[in-house]
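**Student:**
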Amino acid sequence: MGKYSHLSEVDKKIEIQGFGIKISRELKADLQREGFYPVALTWLGDDLTGPFSFTGYGDSSPFELRHEDCGYHVYRDGEHFSEVTFYKRPKFWDRQWSFGDGSESTFFVEEGMAGVITPCAPDNAFSENDDVLKVTGGRFPFVGLACYNGLSIWPSYGCLYTKQGSPCTFCCIPGDYNEDKMLIQQKGWLDGVARAFEAAVDELGDDIRNCSLTVDSGTLPGRDKGAWAYIQVLEAIKARIGRLPDMIYIRAVIEPPYDEEVLFKLRDAGFTGIQCDIDVYDDAERLAIMPNAKGKRPISDYVRILSKAKEIFPGEVATQLVAGIQKDENLLKGVERFAGIGVPTLVTPFLPFGQGLNMVRVGTASVPTPDKMRKVYGACAEILSRYNMAPPEFRGGVSSLAETMGRRLKRAPSLTNFGKPESALNLRAV
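Mapped onto our numbering, the consecutive letters of the sequence shown carry residue numbers 7 to 436.
1. Report the CB separation of Val323 from Val349 in whole angstroms; it is logged as a contact under 8 Å.
2. Nearest to Tyr78 by CA position, among Thr370, Glu40, Asp53, Ser104, is which residue?
3. Whole angstroms are fine: how far does the CA of Asn155 sit from the CA of Cys217?
4. Whose C-alpha, out of Leu33, Ile27, Ile29, His86, is nearest the C-alpha of Leu13?
5. For Lys208, count the other beta carbons within 10 Å of its own beta carbon; 16 or more makes it buried, fewer makes it exposed. Which is it?
6. Assuming contact is defined by CB atoms lying nearer than 7 Å, are Ala408 and Pro419 in contact in what I supplied?
7. Here's a check: name, in chain order, each residue in its chain whose Cβ is nearer than 7 Å to the Cβ of Ser405, leaving out the five neighbours to either side.
8. Please tell me whether Val259 and Thr220 are closer than 7 Å, where the distance is taken between their beta carbons.
9. On the three-state DSSP scale, how would you describe Gln361?
10. What is the DSSP secondary structure of Gly301, counted as helix, strand or coil?
11. Taking contact to mean at least 3 C-beta pairs separated by less than 8 Å, is the region 167-176 in contact with the region 355-363?
12. So does the region 302-313 actually touch the region 334-349, counting three or more Cβ pairs closer than 8 Å?
13. Apart from the five residues on each side of it in sequence, which residues of its chain come closer than 8 Å, Cβ to Cβ, to Arg201?
14. With burial defined as no fewer than 16 other Cβ atoms inside 10 Å of the residue's Cβ, what is the status of Arg249: buried or exposed?
15. Measure from the alpha carbon of Phe344 to the alpha carbon of each residue in Ser30, Ile389, Asp334, then state which is nearest.
16. Excluding the 5 residues flanking Met253 on each side, which residues of the same chain have their C-beta closer than 7 Å to its C-beta?
17. Using the Cα positions of Glu261 and Gly276, report the straight-line distance between them to the nearest angstrom.
18. Please classify Leu293 as buried or exposed, where buried requires at least 16 neighbouring CB atoms within 10 angstroms.
19. Which residues share a DSSP beta bridge with Ile280?
20. Straight-line CA distance for Val288 to Gly26?
21. Could you give the distance in angstroms between the alpha-carbon of Arg303 and the alpha-carbon of Asp285?
22. If you count every other CB in all the chains shown that lies within 10 Å of the CB of Val368, and 16 or more means buried, which is it?
23. Mapping the DSSP letters down to three states, classify Thr168 as helix, strand or coil.
24. Take Ile20 and list the residues in its own chain whose beta-carbon comes closer than 7 Å to its own, dropping the five residues that flank it on each side.
25. Less than 7 Å between the C-beta atoms of Ile295 and Ile331, yes or no?
26. Within 10 angstroms of the Cβ of Gly32, are there 16 or more other Cβ atoms? Answer buried if so, exposed if not.
27. Between Arg414 and Ile318, what straight-line distance do the alpha-carbon atoms span, to the nearest angstrom?
28. Once you ignore the five residues that flank Gly301 on each side, which residues in its own chain have a CB closer than 6 Å to its CB?
29. From the DSSP output, read off the bridge partner residues of Cys234.
30. Consult DSSP for Leu47 and reduce its assignment to one of helix, strand or coil.
31. Using a threshold of 7 Å, state whether the C-beta atoms of Tyr383 and Thr410 are closer than that.
32. Comparing C-alpha positions only, which one of Val16, Val90, Asp265, Pro251 sits nearest to Asp230?
33. Quickly, what does DSSP pair Gly156 with across the bridge? List them, please.
34. Consult DSSP for Phe203 and reduce its assignment to one of helix, strand or coil.
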């Protein structure tokens with residue numbers, strides 16, 4: 007019996023989720039040669055995953071990936087921790103966007119941001135001493151593969167608040183906001199997105215029903231908070247393939263629009279659900295951590311928009327709170343406040359990259375310990391259960407709340423190199 011053999015797979019995910027897994031460049035190259043998806047996505051068993059393998063976490067992680075005995079294994083401080091597997095590299099991954107002019111104005115996060123955006127630049131674009139942020143002339147996919155069979159599209163790679171010099175201090179989005187990062191305004195980008203999504207639908211076949219689509223971005227200018235860009239993405243897809251496929255959900259992750267009619271426009275475009283992340287619940291903590299317009303918006307704005315969204319969207323309406331940057335009691339107050347209006351909260355641990363790297367450097371935040379997260383998840387599960395609510399459908403990457411509450415999801419057979427086992431026949435979450 008190994009030192010960690012007593013831990014369940016959910017416990018192992020909680021242990022790993024905020025620390026990442028170190029991986030050598032040689033091993034990463036081996037994985038890609040074997041046809042696996044870049045290692046931002048790591049499977050523990052066949053129904054529990056997360057974007058664990060961020061080299062951006064730095065050398066402080068106690069977890070390390072090794073290849074031995076014809077398989078891949080995670081070690082913790084030199085002791086065997088878990089066997090792991092990976093998605094296969096999908097063909098639609100090769101549908102990539104490039105400015106095509108040798109530009110070096112695009113930021114990349116090595117191995118992805120929440121498993122979504124991964125660099126495809128040549129190896130010599132990076133130096134061993136680079137931080138997590140990379141500035142290259144490389145390429146990246148129109149449609150990314152996120153956790154739990156999720157497809158993700160980013161119409162903009164940046165945020166208005168960073169342009170204004172007042173980013174949320176914990177934000178995982180690197181870099182500033184400028185016209186280069188407004189991808190949707192680049193000639194050919196929308197058509198490329200539609201073609202890449204068509205390729206994904208063709209490759210996944212019937213499995214598309216067991217996948218989700220999330221459109222996400224940093225906050226964009228305007229009272230609609232960028233909804234116009236999200237709508238154009240779905241309109242381009244419908245124009246290309248004639249419809250939107252039947253999926254687990256098609257979700258907009260967006261700051262709450264000021265005007266309720268925007269919610270109707272998002273629904274009419276084809277979004278089945280919406281997620282408006284409050285992130286921090288207490289007003290004083292909000293202003294300290296989000297020194298911008300988002301931090302100044304009252305909680306009542308979120309309650310109003312999410313309550314209206316519950317009346318409009320046929321699927322799930324949700325929010326998010328981040329553990330480790332606010333008092334636990336305030337976070338739990340937020341979970342209960344939104345549960346009271348029928349909105350589940352995705353509870354995610356603080357991650358030490360993007361803007362959050364600065365919080366770690368100055369000592370204002372650190373990754374919550376696994377014990378702390380178990381207590382937070384347990385308290386959140388109790389609240390949601392008391393309000394007769396299921397955990398959020400959207401996995402959000404590293405959060406383990408859904409698994410803590412028993413929601414699991416098999417990987418789509420078309421996205422694995424291990425055939426179509428009987429255990430994968432029922433793919434929808436239970």
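Even for Gly, the Cβ is constructed at its ideal location relative to N, Cα and C.
**Tutor:** If we stick to the structure as given:
1. With 8 Å as the limit, Val323 and Val349 qualify as a contact, their Cβ atoms being about 6 Å apart.
2. Of the listed residues, the one whose Cα sits closest to Tyr78 is Glu40.
3. The alpha-carbon atoms of Cys217 and Asn155 are separated by roughly 5 Å.
4. For Leu13, the nearest C-alpha among the options comes from His86.
5. Note that residue 208 is Asp in the sequence shown here, rather than Lys. Classification of Asp208: exposed, given that the 10 Å Cβ count is below 16.
6. Not a contact, by the Cβ cut-off of 7 Å.
7. Within the same chain, and ignoring the five residues on either side of Ser405 in sequence, the residues whose Cβ sits closer than 7 Å to its Cβ are Leu352, Val353, Thr354.
8. Yes. Within cutoff.
9. Of the three classes helix, strand and coil, the one that applies to Gln361 here is coil, per DSSP.
10. If DSSP states are grouped into helix, strand and coil, Gly301 belongs with the helices.
11. Counting Cβ pairs under 8 Å, three or more are found: they touch.
12. Pairwise C-beta distances place the region 302-313 in contact with the region 334-349, as three or more of them are shorter than 8 Å.
13. Shown here for Arg201: same chain residues with a beta carbon closer than 8 Å to its own, the five before and five after excluded, namely Arg101, Phe148, Arg246 in chain order.
14. With fewer than 16 other Cβ atoms within 10 Å, it is exposed.
15. For Phe344, the nearest C-alpha among the options comes from Ile389.
16. Ile214, Arg215, Cys217, Ser218, Leu219.
17. Glu261 and Gly276 have their alpha carbons spaced roughly 18 Å apart.
18. Leu293 should be labelled exposed.
19. According to DSSP, Ile280 bridges with Ala258, Val323.
20. Per the sequence shown, the amino acid found at residue 288 is Asp instead of Val. Rounded to the nearest angstrom, the two C-alpha atoms are 29 Å apart.
21. Distance between the alpha carbons of Arg303 and Asp285: 12 Å.
22. Classification for Val368: exposed.
23. Shown here, Thr168 sits in a helix according to DSSP, grouped into three states.
24. Here the set comprises Pro376, Met379, Arg380, Ser406.
25. It is a contact, given that the beta carbons lie within the stated cut-off.
26. Just to set this straight, residue 32 is Glu in the shown sequence, not Gly. Glu32 should be labelled exposed.
27. Distance between the alpha carbons of Arg414 and Ile318 is about 27 Å.
28. Result list for Gly301: Arg292, Leu293, in chain order.
29. The question names Cys, but residue 234 in the sequence shown is Trp. In the DSSP output, where bridge partners are listed per residue, Trp234 has none listed.
30. The three-state secondary structure of Leu47, taken from DSSP, is coil.
31. Their beta carbons are under 7 Å apart, which means Tyr383 touches Thr410 by this criterion.
32. If we check each option's Cα against that of Asp230, Asp265 comes out closest.
33. Partner(s): Ala152, Ser218.
34. Judged by DSSP in its simplified three-state form, Phe203 adopts helix.
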